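Novice: Protein chains in written order, with this note's numbering: chain A, 1 to 259; chain B, 260 to 648.
Below is the structure I would like to discuss, written out as structure tokens.
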Amino acid sequence: VEPLPADDIRLSGTSYDNTRHLSATTWRHVAFIEKFGNGNGNGGGARPTRLKPFQSNWLMMSDVCKHCRRAGCLEACPTGALFRTEFGTVVVQQDICNGCAYCVPACPFGVIALNMESGKAYKCTLCYDRLKGGFEPACAKTCPTNSIQFGEIGELVGRARRRVERLHQLGVASAYLYGAPGGPGTTGGIEQLFCFSLLLDRPETYNLPVAPKLPSRRVKNSLGVGLLTAAAIALASAVVVGTTAGAARKERRRAWPLW
Amino acid sequence: MAALVNVAMREDQVHRDDTRVHLAQQQEIALLPYSGITYYDIAPLKPTAYKWETAAAFFCNNIAGGSQVLALIIEQMGGPPNRCLVRTGRYLAAGGGIVGTALLISELHTRQRWFNMLRLYKRTSPMSIGIWCITPFVAGSTLAALGEAARARGHGKSAPLAAKVFGMPAAVLGTVVMTYMGTELEATHVPLWAVAHPWLAPFYAASGISGAAAALQIQAETSAAPLTQRSMLNRIALISGIVETTLAMRIAQRWHAAPAAGFFRGSVYNGLFCLAVIGMGSIVPLMINAVQEAGGRRRNVIDPRLRLIGPALKLAGGLLRDLVMIYAGKQSTNQPRDYFQYAQLPSPQRAQKPGPSAEPAPIAHFGLAVGAAVLAGAVLGWRLQKRGR
């Protein structure tokens, strides 16, 4: 098995982020944001010269496919290439995908992407092959600080909530969970992100939407209104055709009387 | 941020009901107004892979669906004198459907697997709904067109029956074929398309009928069809054109008011959309239709060559509109601020805050221009009719 090729590597802004976003070949990506002045370091302002011990102004988030409870990509896929595994994760079957790419604009987090060389869509599988073998995903296995954790989702949410509580007690009032049930990232029918994060600033700072909406929720309403309009215009057209044909028939009778 | 501090200070409550407080805190974050911050201006969404083939396929399928619907209506209500229109409608439906399908397959990145879309039906996927309607539509339309061709050549007694039997279900599917592309665009996270919900699908539905009427008008004008036939098509084009223009103005109003469509207002696509939909698609064709309609059905008040301009412009405007829709949508996904504005919870505080939405929309001007064109056309037609007498 060949490793995934590296993307076009360059730094973004003032950060150490050299992949900038997730792609068809980058399935984990770490966002780096240095907070100083007004904004995320790009907005000017002075870098502080003194900090509390063991503290920095850096925000970091390890981004990955969220494996949503109700996934926009999975609902949009017309081939069934995207499917929900027995572990609750969402995976693309490469032997089915035909590269229609409709899953791409259906993902609210910009995760899934098309590989133009192979003509198919790719994203993180949460190491489906390793999970089937009884192992944890490679990212969680290799993370040296245990920042990426893997386990039963209910247990993880409870652990993360206790961590947020602890941070609040320590004075980090801005800590919250992105993707835990009822929170930012789970709106509009998405319900829950199985890969969720503990964040310290607004979601947009990490390039995440606050309140994404599941696109499939619009299908019924949209098609219904469209078909009603089509029916109304078709009915009006039928009336026009009927009256015109009736008038023409009368005219012909007048021109050639039967008696 | 004050809200977050408050939550942190309620330590006793945190211990009593931590889940409830976590939820409240998370919702407060979601309700804070968006400050315009981005992650180094990098787009949070991936751009769609749609290209010119998608726009051309939408255009062809839109006209094809509308033509099959009109063919059935004219067949059922119009009687034998309008047979040539039914035949042309069925040819258009088959031709448009085949070309549209070929274009849709050609834009797939692994074309040899196009049939995988027929493995399953998914009601949450507009593309799946579309493909399951287009496939039997093209088959039915092709058989109906073959039946019409056989009938025109006088071959066999079963040809008229075949045209009718295959044409009827194809017309029912045609309503979805000419509408689904609006739903396919709306049901995405592309800010420009998503904020137009739920007007894109009805807009495409109206456009399907008016485009098909324009195509039939060209056939009627070039084949010197009777005046009653041309008048009938003229009235269908007028009715569907007015509905289409009203819906187009509603969509343009959304794009001019929604903060999530901020890029569109200052882009070249704004002018091109107005040119395609309001200018080429509405003002000129509606004015010519109004002149002809007010001028009476007993004689031609406009030169035949001039009468071709309206429908021809209408069809060219339709193709330009679809190209603008696709390429403006692609650009829209590259705007992080537009998407973050779109992905906000509605809040009363934010609704009161003046923002880009307070900009005056030129919709009233469009409405006035289209209304004035129709009125001027009607007055001109009436004057020409009087002079003729």
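Glycine included, every Cβ here is placed at the ideal spot set by N, Cα and C.
All values derive from a computational prediction rather than experimental measurement.
Using C-beta distances below 8 angstroms, list every residue in its chain close to LEU51/A, excluding the 5 sequence neighbours before and after it, in chain order.
Specialist: For LEU51/A, where only same-chain residues beyond five positions count, the Cβ hits under 8 angstroms are ASN57.
Novice: Could you check the C-alpha separation between VAL240/A and ARG20/A for me, to the nearest Å?
Specialist: So the two alpha carbons sit approximately 58 angstroms from each other.
Novice: What is the rounded straight-line gap between the Cα of ILE561/B and the Cα of LEU497/B?
Specialist: Computed Cα separation, rounded: 16 angstroms.
Novice: Let me see if you follow: with CB-CB separation under 9 angstroms, is PHE109/A close to chain B or not?
Specialist: Interface residue, yes.
Novice: To the nearest angstrom, how far is the alpha carbon of GLY189/A from that of LYS213/A?
Specialist: Approximately 7 angstroms between the Cα atoms of the pair.
Novice: Straight-line CA distance for ARG349/B to ALA330/B?
Specialist: Between ARG349/B and ALA330/B, the C-alpha separation is close to 6 angstroms.
Novice: Just to confirm my understanding: we take MET376/B, look at its own chain, exclude 5 residues before and 5 after, and list those with CB closer than 6 angstroms. What are they?
Specialist: Here the set comprises ILE390.
Novice: Closer than 8 angstroms between beta carbons: that is the criterion. Which residues of the segment 93-104 of chain A meet it against chain B?
Specialist: Those would be ILE96, CYS97, ASN98, GLY99, CYS100, ALA101, TYR102 and VAL104, in chain order.
Novice: So is GLY413/B buried or exposed if we call it buried at 16+ other beta carbons inside 10 Å?
Specialist: The residue is exposed, with fewer than 16 neighbouring Cβ atoms inside 10 Å.
Novice: Just tell me which of GLY426/B, THR505/B and HIS448/B has its CA closest to the CA of ALA464/B.
Specialist: When only C-alpha atoms are compared, the closest one is THR505/B.
Novice: Please classify VAL92/A: does DSSP put it in a helix, a strand, or coil?
Specialist: Three-state result, VAL92/A: strand.
Novice: Take PRO385/B as the anchor and find which of ALA106/A, ALA121/A, TYR128/A and ALA113/A has the nearest alpha-carbon.
Specialist: When only C-alpha atoms are compared, the closest one is ALA106/A.
Novice: Report the three-state DSSP secondary structure of CYS127/A (helix, strand or coil).
Specialist: Coil, per DSSP.
Novice: Could you check how far apart the C-beta atoms of ILE233/A and VAL502/B are, in whole angstroms? I think they sit under 8 angstroms.
Specialist: Indeed, because the Cβ distance is near 6 angstroms, the residues count as touching under 8 angstroms.
Novice: List the endpoints of the continuous alpha helix (DSSP H) containing HIS515/B.
Specialist: Run containing HIS515/B: 486-516, per the alpha helix (DSSP H) assignment.
Novice: Looking at the strands, I want to know which residues DSSP matches up with VAL30/A.
Specialist: According to DSSP, which records beta bridges pairwise, VAL30/A is partnered with SER62/A.
Novice: Would you report the Cα separation of PRO395/B and GLN149/A, rounded to the nearest angstrom?
Specialist: Those two C-alpha atoms are separated by around 49 angstroms.
Novice: Quick one, which of CYS77/A, VAL91/A and PRO48/A has its alpha-carbon nearest ASN98/A's?
Specialist: When only C-alpha atoms are compared, the closest one is CYS77/A.
Novice: Identify whether ASN375/B lies in helix, strand or coil by the three-state DSSP scheme.
Specialist: Looking at ASN375/B - three-state DSSP - the assignment turns out to be helix.
Novice: Please go through the same chain and pick out, in chain order, the residues whose beta-carbon is closer than 7 angstroms to the beta-carbon of THR85/A, but skip the five residues on each side of it.
Specialist: If we look at THR85/A and ignore the five residues flanking it on each side, its Cβ neighbours are VAL91 and TYR128.
Novice: Would you tell me roughly how many angstroms separate the C-alpha atoms of ALA6/A and VAL111/A, rounded to the nearest one?
Specialist: Their backbone Cα atoms lie some 16 angstroms apart in a straight line.
Novice: Flag this pair as touching only if the segment 419-436 of chain B and the segment 563-581 of chain B have three or more C-beta atom pairs under 8 angstroms; answer yes or no.
Specialist: Result no; under three Cβ-Cβ pairs closer than 8 angstroms.
Novice: Considering only the alpha carbon of each residue, which of ILE296/B, ILE547/B and MET539/B lies closest to SER466/B?
Specialist: Closest by alpha carbon: MET539/B.
Novice: With 9 angstroms as the limit, tell me which residues of the segment 515-534 of chain B have their beta carbon closer than that to any beta carbon of chain A; keep them in chain order.
Specialist: Correct list: empty, as no residue qualifies.
Novice: What does the Cβ neighbour count give for PRO3/A, buried or exposed, with the cut at 16 atoms within 10 Å?
Specialist: Its Cβ having fewer than 16 others within 10 Å, PRO3/A is exposed.
Novice: Is there a Cβ from chain C that is less than 9 angstroms from the Cβ of GLU443/B?
Specialist: In summary, chain C is missing from the structure at hand, where the protein chains are A and B.
Novice: From the DSSP output, which residues share a beta bridge with PHE83/A?
Specialist: For PHE83/A, which the question treats as bridged, DSSP gives the partners VAL91/A.
Novice: Tell me the DSSP secondary structure of GLU270/B in three-state form.
Specialist: No answer about GLU270/B holds up, because its pLDDT of 32 lies below 50 and its placement is not dependable.
Novice: Answer with buried or exposed for ASP8/A, where buried requires no fewer than 16 other C-beta atoms within 10 angstroms of its C-beta.
Specialist: Under this definition ASP8/A is an exposed residue.
Novice: Using only the alpha-carbon positions, how far apart do GLY183/A and ASN529/B sit?
Specialist: Using only the alpha carbons, I get a separation of about 36 angstroms.
Novice: With DSSP as the reference, label PHE522/B as helix, strand or coil.
Specialist: Three-state result, PHE522/B: helix.
Novice: Residue range of the beta strand (DSSP E) that ALA342/A falls in?
Specialist: With chain A covering only 1 through 259, there is no way to say anything about residue 342/A.
Novice: Where ARG524/B and HIS515/B are concerned, what is the direct C-alpha to C-alpha distance, given to the nearest angstrom?
Specialist: So the alpha carbons of these two residues sit roughly 6 angstroms apart.
Novice: Does DSSP put LEU214/A in a helix, a strand or coil?
Specialist: Coil.
Novice: Mapping DSSP to helix, strand and coil, what is SER197/A?
Specialist: Here SER197/A sits in strand by DSSP.
Novice: Secondary structure at GLU618/B, three-state DSSP: helix, strand or coil?
Specialist: With a pLDDT of 46 at GLU618/B, under the threshold of 50, the predicted position of this residue should be treated as unreliable, though the coordinate-derived value follows. In the structure shown, GLU618/B sits in coil (DSSP, three-state: anything other than H, G, I, E or B).
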